[in-house]
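Those protein sequence lines, which keep their order, are chains A and B.
Counted from 1, the first sequence has number 15 at position 35 by this note's numbering; the numbering is strictly sequential.
One gets this note's numbering by counting positions in the second sequence from 1 and adding 506 to each.
Notes follow the structure.
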Amino acid sequence: MAAVEFISVARHYPGSDRPAVDALDLQVADGEFLVLVGPSGCGKSTTLRMVAGLEPVDSGQILIGGKDATNLAPKDRDIAMVFQNYALYPHMSVADNMAFSLKISGVPKGERHRRIHEAARLLDLEPYLERKPKALSGGQRQRVAMGRAVVREPQVFLMDEPLSNLDAKLRVSTRTQIASLRRRLGVTTIYVTHDQVEAMTMGDRVAVFAGGRLCQVGSPQELYEKPANVFVAGFIGSPAMNLIPAPLHQGNAQIGEALIPLPRASVQAALEAGSTSVTVGFRPETVKIAGDGEGFSATVDLVEILGSDAYLYATMILPESDRSSGTLQDTAVIARISPRNAPRKTEKIRLRVNAEEIHAFSRETGQRLPT
Amino acid sequence: MTTTHGLAGDATSGVALEPAAPATPPRMSRRPAGHGKAWAARLRRLPLHAAIALLLLSVVYPLVWLLLGAFKTQDEFLNEPTWALPKDFTNVDNFSAAWSSVSQYLLNSALAVFPSLLIMLVIGTAAGFALEVMVWKGRNTVLLTFLIGIMVPWQMILLPLFTVYFQAGLTQTLWPLIFTYTATGLPLTVFLMATYFRAIPKEIFEAAALDGASMIRALWSVAFPMMKNAIFTIALVQFFFLWNDLLIALTFTTRDELRTVQAGLLNFTGEFGVVDYGPTFAAICINVLVILAIYLFLNQRVMRGMAAGAVKG
């Protein structure tokens, strides 16, 4: 087991006008499960491939277990990787797939046999050891790919969207399997996914990437409760956080007709930057249906009933003065409400949000304002 | 098709298997209406069947003529009508006469073609691997250069090559054939191999690299077994090219003992230009049978090679 450290790592693909990964500084602790998450093309897979040695590092350093691995060949890094399409050797049986790396590194036959059977037992693959990959289901192939990584007893596991080729039900069960396997083995793991549910449920820490840059790294709860910028706020959580431009009026943020007090530090930071408005964010579950005279008014567009919850999609009704001056535009709001007595489509309702559940971000930089 | 089959079955069951008829009453009851339909269908397909028959005839007729000729004496061949059957099907004199020289030619062909094939496939697979799997600057240019090789008309380079081989003192051996066959076959082999490699997910070789396999090991333990069917397909295609080659063999073999089958068959023409038809046809028959045997042996694998990549593995 080993810690992994990125020091100002960058990767620029030839022919591209911006770097795929830019000045990445990140530490993965020994035995930690770190999830890299972000939309397509954000640089998370490139980061993982640089750790594996499959992608050259243009500048910066990668340390594995304290040693500089920046220019080491993949085989000398003592890592194992699980690929999205599993990358099993189609002409070899399951046992041979798992044995391949051990054979190359000269592990004696007895030891090889022991490790393969142990991994097979761990992953419920014992009945399939003599089968070829094409005779296995998607989930079984995925487990073989895991087994191939496990038998090597590496310092670091790298997983590149290993669940994205599975169906929804299998994905959930395999997710828990991987999490429990990792806990049992205690190996440092870097896991790439674009699915924020996977990221939130599996990771000790989650690193959110966007446009080749690391936006924020922290525990899932931290990311949810204190997103560092507008991107993280919108990316983490489902449905996404409501993000609304709000003009400042004497220390209050205006949401529709409602004026919601912001922390003094936030307002001051915004004013110091020469801004007269902020981006406010609030989670759908913090929006409540209010009585007359409270909050802001909105028209219901759609109500999705999921059984335990209902999602209400509404458009905020702007005060006449703002509408005519064009300072604000129609804004959609999502609220998680109780499915009982849910309002009907086109109905006019009033919604409110508590001041302490509001996140304030700079409109210019998108960064979280101090509280 | 199904209608015709069903009715043909009915017709036989109606005549020969009378007791079984009550077991299939619905079929019997449909019969009168279907009968006319079947004839109409047959009539509609008549032009197609006639065309197929004509095509088949044009392919099979020369082969039959060849086989019949192989059993005829020179006198029979020249004086009897073309259609006439040989007097004696047990007369294998032509074959034994042909075999005495063809055996040497066959051996020469095998000695020139199989080593060329082997070298071509090993280098072609390795080059395809290097061009598609390995990442290096200029690989596209190299692939393009190989493609240019396909476009070179090799009739054009025969004379310069002959001079080179002559100066190198190789003209009394089969080496000129092996070199030329390998070189002329390589561009297509490399191109096809690169195409096959392109269809294999890159992650498989990345996984091999992570598993600690060197490039040579990845080529030998992963690429070769995965490409087995593709290799057999290319081998068969190239085999026919090389085995049936006449021009190169004729240019570079200076002595009769070095002639390959195709070049050797020309020798069956007598001193004054008289063709000895019986032994010539027998020799051609032997050649065809050898190729057929090899084809039948490889056919199964080739079919699998052709279908490879058609469906998700």
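Glycine is no exception: its CB is placed at the ideal position from the N, C-alpha and C atoms.
Cβ distance (whole Å) where residue i is taken to contact residue j below 8 Å
{"i": "GLY214 (chain A)", "j": "SER277 (chain A)", "result": "With 8 Å as the limit, GLY214 (chain A) and SER277 (chain A) do not qualify as a contact, their Cβ atoms being about 24 Å apart."}
{"i": "THR679 (chain B)", "j": "MET626 (chain B)", "result": "Going by Cβ atoms, the distance from THR679 (chain B) to MET626 (chain B) rounds to 19 Å, so no, they are not a contact pair."}
{"i": "PHE595 (chain B)", "j": "PHE577 (chain B)", "result": "6 Å"}
{"i": "GLY770 (chain B)", "j": "SER564 (chain B)", "result": "That belief does not hold up - the Cβ atoms of GLY770 (chain B) and SER564 (chain B) are roughly 28 Å apart, past 8 Å."}
{"i": "PHE774 (chain B)", "j": "ASP762 (chain B)", "result": "At roughly 12 Å, the Cβ-Cβ gap does not stay under 8 Å, so PHE774 (chain B) and ASP762 (chain B) are not in contact."}
{"i": "GLY183 (chain A)", "j": "LEU286 (chain A)", "result": "Not a contact, Cβ separation roughly 25 Å."}
{"i": "LEU102 (chain A)", "j": "LEU161 (chain A)", "result": "7 Å"}
{"i": "PRO748 (chain B)", "j": "LEU623 (chain B)", "result": "For the record, residue 748 (chain B) in the displayed sequence is Leu; it is not Pro. With a Cβ gap of about 7 Å, LEU748 (chain B) and LEU623 (chain B) count as contacting."}
{"i": "PRO145 (chain A)", "j": "GLY118 (chain A)", "result": "Contrary to the premise, residue 145 (chain A) reads as Asn rather than Pro in this sequence. Rounded, the Cβ-Cβ distance is 6 Å, consistent with contact."}
{"i": "ASP140 (chain A)", "j": "SER318 (chain A)", "result": "So it is not a contact: roughly 40 Å between Cβ atoms."}
Element boundaries [alpha helix (DSSP H), containing residue i]
{"i": "LEU292 (chain A)", "result": "Premise fails: LEU292 (chain A) lies in the beta strand (DSSP E), 290 to 296, not in any alpha helix (DSSP H)."}
{"i": "ALA344 (chain A)", "result": "According to the sequence displayed, residue 344 (chain A) carries Glu and not Ala. That residue, GLU344 (chain A), is in no alpha helix (DSSP H); it is neither H nor E in DSSP."}
{"i": "ALA603 (chain B)", "result": "599 to 638"}
{"i": "VAL177 (chain A)", "result": "176 to 182"}
{"i": "ARG111 (chain A)", "result": "Counting along the chain, ARG111 (chain A) falls outside any alpha helix (DSSP H), and DSSP gives it neither H nor E."}
{"i": "GLY119 (chain A)", "result": "118 to 130"}
{"i": "SER246 (chain A)", "result": "244 to 252"}
{"i": "LEU228 (chain A)", "result": "Note, LEU228 (chain A): premise wrong, no alpha helix (DSSP H); beta strand (DSSP E) at 222 to 229."}
Endpoints, the beta strand (DSSP E) within which residue i is located
{"i": "GLY198 (chain A)", "result": "193 to 198"}
{"i": "MET61 (chain A)", "result": "59 to 62"}
{"i": "LYS363 (chain A)", "result": "For residue 363 (chain A) there is no data in the structure shown, the boundaries of chain A being -19 and 351."}
{"i": "PHE276 (chain A)", "result": "276 to 285"}
{"i": "ASP10 (chain A)", "result": "It is not in any beta strand (DSSP E) - ASP10 (chain A) carries neither H nor E in the DSSP assignment."}
{"i": "SER(-12) (chain A)", "result": "-16 to -9"}
{"i": "GLY261 (chain A)", "result": "257 to 262"}
{"i": "MET139 (chain A)", "result": "136 to 140"}
{"i": "SER39 (chain A)", "result": "39 to 44"}
Residues of its chain near residue i, where Cβ-Cβ distance is below 7 Å and the 5 sequence neighbours each way are ignored
{"i": "LEU349 (chain A)", "result": "SER246, ALA249, ALA250, VAL258, ALA340, PHE341, SER342"}
{"i": "ALA(-18) (chain A)", "result": "ASP10, ILE44, GLY45, GLN135, VAL136, THR168"}
{"i": "ASP5 (chain A)", "result": "PHE(-14), ILE(-13), SER(-12)"}
{"i": "GLU327 (chain A)", "result": "VAL280"}
{"i": "ALA270 (chain A)", "result": "ARG330, LEU331, ARG332"}
{"i": "PRO785 (chain B)", "result": "ASN600, ALA603, ALA604, PHE774"}
{"i": "ASN334 (chain A)", "result": "THR266"}
{"i": "ALA53 (chain A)", "result": "GLY33"}
Same chain, Cβ closer than 8 Å to residue i, five either side skipped, listed in chain order
{"i": "LEU716 (chain B)", "result": "none"}
{"i": "GLN176 (chain A)", "result": "VAL17, PHE215, ILE216, GLY217, SER218"}
{"i": "SER73 (chain A)", "result": "LEU109, GLU110, ARG111, LYS112"}
{"i": "ILE338 (chain A)", "result": "ALA233, ILE240, LEU242, VAL260, GLY261, PHE262"}
{"i": "SER39 (chain A)", "result": "SER(-12), VAL(-11), ALA(-10)"}
{"i": "LEU612 (chain B)", "result": "VAL767, ILE792, ASN793, VAL796"}
{"i": "LEU725 (chain B)", "result": "THR631, ALA632, PHE635"}
Listed by chain order, chain B residues near residue i by CB distance under 7 Å
{"i": "TYR69 (chain A)", "result": "ILE710, VAL728"}
Residue i: CB within 7 Å of a non-hydrogen atom of the ligand ATP
{"i": "LEU286 (chain A)", "result": "Among the ligands in the structure shown, none appear at all, so the ligand ATP cannot be discussed."}
Interface residues of chain B facing residue i [CB-CB closer than 8 Å]
{"i": "LEU146 (chain A)", "result": "Neighbours of LEU146 (chain A) on chain B: none; closest Cβ ~15 Å, over 8 Å."}
{"i": "ALA213 (chain A)", "result": "Residues of chain B passing the Cβ test: none, with the nearest at roughly 34 Å."}
{"i": "ASN65 (chain A)", "result": "PRO707, GLU709"}
{"i": "ALA60 (chain A)", "result": "LEU716"}
Neighbouring residues, chain A, relative to residue i (Cβ below 7 Å)
{"i": "PHE725 (chain B)", "result": "According to the sequence as given, residue 725 (chain B) is Leu; it is not Phe. The premise fails here: LEU725 (chain B) is roughly 13 Å from chain A at the closest Cβ pair, so nothing lies under 7 Å."}
{"i": "MET699 (chain B)", "result": "Those do not exist, as MET699 (chain B) stays about 17 Å from chain A at its closest Cβ, beyond 7 Å."}
{"i": "MET732 (chain B)", "result": "PRO70, HIS71"}
Own chain partners of residue i with C-beta closer than 6 Å, once the 5 adjacent residues on each side are dropped
{"i": "PHE758 (chain B)", "result": "PRO682, LEU683"}
{"i": "GLN347 (chain A)", "result": "ASN209"}
{"i": "PRO(-6) (chain A)", "result": "none"}
{"i": "GLU265 (chain A)", "result": "ARG316"}
{"i": "PHE787 (chain B)", "result": "LEU572, GLY575, ALA576"}
{"i": "SER(-4) (chain A)", "result": "none"}
Contacts that residue i makes with chain A (C-beta to C-beta distance below 8 Å)
{"i": "GLY634 (chain B)", "result": "The premise fails here: GLY634 (chain B) is roughly 17 Å from chain A at the closest Cβ pair, so nothing lies under 8 Å."}
{"i": "ALA736 (chain B)", "result": "Going along chain A, no residue has its Cβ under 8 Å from ALA736 (chain B), so there is no contact; the nearest lies around 13 Å."}
Chain B contact residues for residue i, given Cβ-Cβ distances below 9 Å
{"i": "LYS55 (chain A)", "result": "ALA715, LEU716, ASP717, GLY718, ALA719, SER720"}
Residue-level contact to chain E via CB, residue i, 8 Å cutoff
{"i": "ALA100 (chain A)", "result": "Of the protein chains in the structure, A and B, none is chain E."}
Partner residues on chain A for residue i, Cβ-Cβ distance less than 9 Å
{"i": "PRO659 (chain B)", "result": "Near PRO659 (chain B) there are no residues of chain A at all, since even the closest Cβ is about 37 Å away, more than 9 Å."}
Contact set between the stretch 80 to 97 of chain A and chain B, restricted to residues whose Cβ is under 7 Å from the partner:
PHE80, SER81, ILE84, SER85
Using a beta-carbon distance cut-off of less than 8 Å, what residues from the stretch 634 to 657 of chain B approach chain A?
none
Near-chain B residues of the stretch 22 to 35 of chain A (beta-carbon distance less than 7 Å), N- to C-terminal order
ALA32, LEU34
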